[in-house]
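In what follows, a single structure is set out as structure tokens and then discussed.
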């Protein structure tokens, strides 16, 4: 799942698709936190706390990224990465 997200992040030109790929990467990391906690330290909950914290950070990051994407769409009328240079000038 991690490498699918990396591949999507590198190859996509649409900002929504890039955001979804970034979410895949973060979800893969959170799954690893939970699984490694379960098998390495079964009686402790540190990995689960990191996972819940990661989910909260991911939700906040998604809300901010969607706000930026909506603002870019209102300014440019398109959400492709190649058109973001129009916002500089």
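In my numbering, the protein residues as written are 36 to 124. Cβ coordinates follow ideal geometry from the N, Cα and C atoms, glycine included. Just so you know, these numbers come straight off a predicted model, no measurement behind them.
Who are residue 49's beta bridge partners in DSSP? 115
Residue 97 versus residue 45 - alpha carbon distance: 18 Å
Close Cβ partners of residue 73 (< 8 Å) along its chain, the five nearest in sequence each way excluded: 82
Using a threshold of 9 Å, state whether the C-beta atoms of residue 40 and residue 61 are closer than that. yes
Of all the CB atoms in chain D, is at least one closer than 9 Å to the CB of residue 55? Included in the structure is just one protein chain, with no chain D present.
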